[in-house]
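Participant: Here's a structure for you.
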Amino acid sequence: MSSPLRYFFRSIIVGEDQFILSHTQYKRILLTGQLCFITIVICLVYVFFDLISGRPDAWPFQIGCAALAFTSFVLNRRRNFTAAKFLLGLTVNGTVFLFAISEPVEMGLYIYFITASLGALVAFGYEEKLLAILFVGISSTLAIISMFFRFPVVPEIPYSESYIKMNVLVNFIGSGGASVCILYFLVSINHRWESALNKNERTLKEKNIELTNLNGNLDRFVYSTSHDLRSPLKSLKGLINLTRLSTEQGNVKDLLTEMTARVDHLEKFINDIADYSRNRSQGVVQHPLEVKKLLNEVLDSIRYFPGAAEMLVKVEVEESLVVVIDSTRLEIILSNLLSNAIKYRDTAKEKSLVLIRMEHANDLLVITVEDNGIGIPKEFLTRIFDMYTRAHEQSQGSGLGLYIMKEAVEKLGGKVEVASEVLGGTSFKVTVPALPGVSDNSQSLESRPA
117 MSSPLRYFFR SIIVGEDQFI LSHTQYKRIL LTGQLCFITI VICLVYVFFD LISGRPDAWP
177 FQIGCAALAF TSFVLNRRRN FTAAKFLLGL TVNGTVFLFA ISEPVEMGLY IYFITASLGA
237 LVAFGYEEKL LAILFVGISS TLAIISMFFR FPVVPEIPYS ESYIKMNVLV NFIGSGGASV
297 CILYFLVSIN HRWESALNKN ERTLKEKNIE LTNLNGNLDR FVYSTSHDLR SPLKSLKGLI
357 NLTRLSTEQG NVKDLLTEMT ARVDHLEKFI NDIADYSRNR SQGVVQHPLE VKKLLNEVLD
417 SIRYFPGAAE MLVKVEVEES LVVVIDSTRL EIILSNLLSN AIKYRDTAKE KSLVLIRMEH
477 ANDLLVITVE DNGIGIPKEF LTRIFDMYTR AHEQSQGSGL GLYIMKEAVE KLGGKVEVAS
537 EVLGGTSFKV TVPALPGVSD NSQSLESRPA
C-alpha cells in the first residue's frame, strides 16, 4: 500500500492531530479500528449472502452487529480505547454465539471464537491483561457451549450443501483476514523491538569499545602525566641544590637559565593538560570570529617559546576573514600546529620557515601549516596523533599536542591530513566546517618573526 493511501486509512481510524504516547499503543489503536472495519464488512457480506439465499430473518442480527462494531470504531477514534475494545469483544462473541447455536457445527462459526480470543490478547495487551483473560474465557466458554448444544435463536431454514460450503468459505476468509491483521500487528511490533534491541546492542558495543579505549588512554594519561610532571621537578630540585653549592656567579646564572627552561617546560605541559581538559569537557560554542586577529594572538603567545626567535613566519590570511566557529578549539589547533613547527625546526638550515594559510569556501575553513623542519619519519606518520607519541628521540614535548589538536578538529566535525618527509619539512592541512561571517574584501600577505 502506498504511503498516501496508508496515511489516508490511518487518519480515518485514528483521526487527525491525535497524540499517541507510545508506538505500541498507536499500533493497538490501528488494530482495533481494523478489526471493527473487518467485522462491519463480514456482517454486510452476510446480509447480502443471506438475502440472496432466501434467509431474510438473519439480517437484523447482522445489521445490529455491524452497528455495534461501527459504534466501537467511533469510540476508538474518540480515544475511548478500552471501551471500544470491550464493546467490540462483546459484540463479536455475542453475535457469533447466537448464530453458532442456531446453525450446524459444519459451518465452522466456532472458528471466530479463536480469532476473538487472539484479538483480545493482542488488543488489550499486558497493560490490560485482566480484560484480555476475561474475554479469552468468554470466547472459550461460548465455543464449548456452541459445539455441544443447540437452541436456535435465529430462525432455522433448510441448509443445503452449497449454502453450508459458502458459509464455511465466508467464515474462513473473515476469520483469516482478522487473524492476518492480528499477526501482522505482532510481527511489526516484534520487528520494531528487535530493531531497537539490535540498535541498542550496537550502540552498547560501540560505547564499550569507546570506554575501553578511554580507560586505556586514562591509564596512560595518569602514568605519563605523573612521569612528565616528576621529571622537570626532579631536574629543578637538582639545579637548586647545585645553585646552593655553587660559589661562582657565572655558574649561578647558567643554573638559573636551566631552571627557567625547566619551569617553561613544566608550564607548557600544564597548558597541554588544560587544553586536553577543556576540549574534553566543553561543548562546541560557535560565534563570529576574526580569524586574523586570533592568529596574531596565538603568534604572540608563542613568541617566547625556545627557538621561536629563529623562525620566520609567513601568514597568508585575508584581513577581513570572519567565520562562525568555536574560537577556543581553533586556538588549540593553531597553537599546537605552530608550537610543533617551532619544536621540530631544522637548526642545520640557514632559515627556519613556517607558512600559515587559511582560506574559507563552501562553508569550510581550510588551515594549512607548512614548515621546512626535520620532518617526521614515515613509520610514525600513522601514530603521531596518538596520546604521548613522540616521533623523535630528541623530542622534549609532552606527547599530547597533536593528540589534543586532532581531538579539537574532530569536535568541530573536521578532519586533519599530514604529509612529511625527513629533513624535507611537514605540512598539516586541517578542514573544519565554518559558516561565513563578514564578506572577504582584502587580502594580507605578511612575513614576521614568531
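Quick note: the sequence shown uses this note's numbering, first residue 117, plus one each step.
Idealized CB from N, CA, C, for every residue including glycine.
Quick one: what's got a C-beta closer than 8 Å to V286's C-beta in the same chain, skipping five residues either side?
Facilitator: Here residue 286 refers to the residue found at position 170 of the sequence shown. The answer, listed in chain order, is I158, V161, Y162 and F165.
Participant: For S295, collect the residues of the same chain with a Cβ closer than 6 Å to its Cβ; drop the 5 residues on either side in sequence, then sort them by chain order.
Facilitator: Sequence index remark: in the sequence shown, residue 295 carries index 179 (1-based). Excluding residues within five positions, the ones whose Cβ falls inside 6 Å are T231.
Participant: Can you list the beta strand (DSSP E) stretches of 3 or more residues lying completely in the segment 439-492, in chain order?
Facilitator: For the segment 439-492, whole beta strand (DSSP E) runs of length 3 or above, ordered along the chain, are 468-477 and 480-487.
Participant: Taking the CB atoms as reference points, tell me whether A174 and I156 lie closer together than 9 Å.
Facilitator: As a first step, residue 174 must be located in the sequence shown, where it is residue number 58. As a first step, residue 156 must be located in the sequence shown, where it is residue number 40. Contact: no.
Participant: Could you tell me which whole alpha helix (DSSP H) segments of length 4 or greater appear in the segment 148-232?
Facilitator: Taking only runs of at least 4 residues, the alpha helix (DSSP H) segments lying wholly in the segment 148-232 are 175-193 and 197-216.
Participant: Suppose you measure from the CA of I129 to the CA of F197; what does that come to, to the nearest Å?
Facilitator: Reading the sequence shown from its first residue, position 13 is the one you call residue 129. Reading the sequence shown from its first residue, position 81 is the one you call residue 197. Going by the C-alpha atoms only, they are around 12 Å apart.
Participant: Taking L551 as the reference, give the member of H403, N412 and P172 with the closest Cα.
Facilitator: Position 435 of the sequence shown holds residue 551. The candidate whose alpha carbon is nearest that of L551 is H403.
Participant: In the DSSP assignment, what residue or residues form a beta bridge with E406?
Facilitator: For the purposes of this step, residue 406 is taken as residue 290 along the sequence shown, with counting starting at 1. According to DSSP, which records beta bridges pairwise, E406 is partnered with V438.
Participant: Exposed or buried, G540, counting other C-beta atoms within 10 Å across all chains shown (16 or more means buried)?
Facilitator: Here residue 540 is taken as the residue at index 424 of the sequence shown, counted from 1. G540 comes out exposed.
Participant: With 16 other CB atoms within 10 Å as the buried threshold, where does G530 fall?
Facilitator: Looking up residue 530 in the sequence shown gives position 414. It counts as buried.
Participant: Pop quiz: V269 and L214 are said to be a contact at Cβ under 8 Å. What is the actual Cβ separation, rounded to whole angstroms?
Facilitator: Along the sequence shown, one-based indexing puts residue 269 at 153. Along the sequence shown, one-based indexing puts residue 214 at 98. The pair is a contact, with the Cβ atoms about 5 Å apart (cut-off 8 Å).
Participant: Our contact map puts I418 next to S451 with C-beta atoms below 8 Å; I'd like the distance itself, whole angstroms only.
Facilitator: Residue mapping note: residue 418 aligns to position 302 of the sequence shown, counting from 1. Residue mapping note: residue 451 aligns to position 335 of the sequence shown, counting from 1. I418 to S451, Cβ: 7 Å. Contact.
Participant: Tell me where the beta strand (DSSP E) around V270 begins and ends.
Facilitator: The count along the sequence shown starts at 1 and reaches residue 270 at position 154. Element bounds for V270: n/a, residue is neither H nor E.
Participant: Assuming D462 contacts N478 under a Cβ cut-off of 8 Å, what Cβ separation, rounded to an integer in Å, is found between them?
Facilitator: As a position in the sequence shown, residue 462 is number 346, starting the count at 1. As a position in the sequence shown, residue 478 is number 362, starting the count at 1. About 35 Å separates the two Cβ atoms, so there is no contact after all.
Participant: Given this structure, state the Cα-to-Cα distance separating S558 from L437, to the nearest angstrom.
Facilitator: What you label residue 558 is simply residue 442 of the sequence shown in a count that begins at 1. What you label residue 437 is simply residue 321 of the sequence shown in a count that begins at 1. In this predicted model, S558 has a pLDDT of only 38, less than 50, meaning its place in the structure is not dependable; the value taken from the coordinates is given anyway. Answer to the nearest angstrom: the Cα atoms are 9 Å apart.
Participant: Look up G541 in the DSSP assignment and give the residues it is bridged to.
Facilitator: For this step, residue 541 is matched to residue 425 along the sequence shown. G541 is bridged to E537.
Participant: Kindly indicate the opening and closing residues of the alpha helix (DSSP H) around G553.
Facilitator: Here residue 553 refers to the residue found at position 437 of the sequence shown. From DSSP, G553 is part of no alpha helix (DSSP H); its letter is neither H nor E.
Participant: DSSP on T140, reduced to helix/strand/coil?
Facilitator: Sequence index remark: in the sequence shown, residue 140 carries index 24 (1-based). T140: helix per DSSP, three-state reduction.
Participant: Going by Cα to Cα distance, which pick from F267, F189, G180 and V368 is closest to S127?
Facilitator: The count along the sequence shown starts at 1 and reaches residue 127 at position 11. Considering only alpha carbons, the answer is F189.
Participant: Would you kindly work out how many angstroms separate the C-alpha atoms of F264 and N283, rounded to a whole number?
Facilitator: Indexing the sequence shown from 1 puts residue 264 at position 148. Indexing the sequence shown from 1 puts residue 283 at position 167. About 20 Å.
Participant: Take N192 as the anchor and find which of G149, A216, L234 and A183 has the nearest alpha-carbon.
Facilitator: Reading the sequence shown from its first residue, position 76 is the one you call residue 192. Residue G149 is the option with its Cα nearest to N192.
Participant: Please confirm if the segment 303-312 is in contact with the segment 243-251, defined as three or more CB-CB distances below 8 Å between the two stretches.
Facilitator: Segments in contact, no.
Participant: What does DSSP give as the partner residues of T498 in its beta bridges?
Facilitator: The residue labelled residue 498 in the question sits at position 382 within the sequence shown. DSSP lists no partner for T498.
Participant: Whose C-beta lies closer than 7 Å to the C-beta of K409 among residues of the same chain, with five residues either side of it excluded?
Facilitator: For this step, residue 409 is matched to residue 293 along the sequence shown. So the list is empty, once near-sequence residues are dropped.
Participant: Can you tell me which of the three DSSP states V546 falls into?
Facilitator: The residue labelled residue 546 in the question sits at position 430 within the sequence shown. Strand at V546.
Participant: Decide if Y519 is buried, meaning its Cβ has at least 16 other Cβ atoms within 10 Å, or exposed.
Facilitator: Counting from 1 along the sequence shown, the entry for residue 519 is found at position 403. Buried, since its Cβ has 16 or more Cβ neighbours within 10 Å.
Participant: Within a Cβ cutoff of 8 Å, which residues of the same chain sit near D556, ignoring the five residues on either side of it in sequence?
Facilitator: Taking the sequence shown and counting its residues from 1, one reaches residue 556 at position 440. Note that D556 scores a pLDDT of 39, beneath 50, so its modelled location is shaky and nothing firm can be said.
Participant: Rounded to the nearest angstrom, what separates K315 and K321 at their Cα positions?
Facilitator: Residue numbering aside, residue 315 sits at position 199 when the sequence shown is read from its first letter. Residue numbering aside, residue 321 sits at position 205 when the sequence shown is read from its first letter. Near 10 Å, if we compare the C-alpha coordinates of K321 and K315.
Participant: Give the secondary structure of M117 by DSSP, where H, G and I count as helix, E and B as strand, and everything else as coil.
Facilitator: Residue numbering aside, residue 117 sits at position 1 when the sequence shown is read from its first letter. At M117 the pLDDT is 49, less than 50, meaning the model places this residue with poor confidence; the figure from the coordinates comes in the next sentence. Looking at M117 - three-state DSSP - the assignment turns out to be coil, as it is neither helix nor strand.
Participant: If you draw a straight line from the C-alpha of I260 to the C-alpha of S304, how long is it?
Facilitator: Walking along the sequence shown from the start, residue 260 turns up at place 144. Walking along the sequence shown from the start, residue 304 turns up at place 188. Distance between the alpha carbons of I260 and S304 is about 32 Å.
Participant: Suppose the cutoff is 6 Å on Cβ atoms and the five residues either side in sequence are ignored; what does the same chain contact list for V534 look like?
Facilitator: Position 418 of the sequence shown, counting from 1, holds the residue named residue 534. Result list for V534: F544, in chain order.
Participant: What residue range is occupied by the uninterrupted alpha helix (DSSP H) comprising A259?
Facilitator: If you number the sequence shown from 1, residue 259 lands on position 143. Unbroken alpha helix (DSSP H) run through A259: K245 to F264.
Participant: Check V379 in the structure and name its three-state DSSP category.
Facilitator: The residue labelled residue 379 in the question sits at position 263 within the sequence shown. If DSSP states are grouped into helix, strand and coil, V379 belongs with the helices.
Participant: If you reduce the DSSP assignment to three classes, tell me which class V303 lands in.
Facilitator: The residue you call residue 303 lines up with position 187 of the sequence shown. Here V303 sits in helix by DSSP.
Participant: By DSSP's criteria, V532 is part of a beta bridge. Which residues make up the other side?
Facilitator: Taking the sequence shown and counting its residues from 1, one reaches residue 532 at position 416. V546.
Participant: Using the three-state DSSP reduction, which class does R419 fall into: helix, strand or coil?
Facilitator: By 1-based counting over the sequence shown, the position of residue 419 is 303. Coil at R419, not helix or strand.
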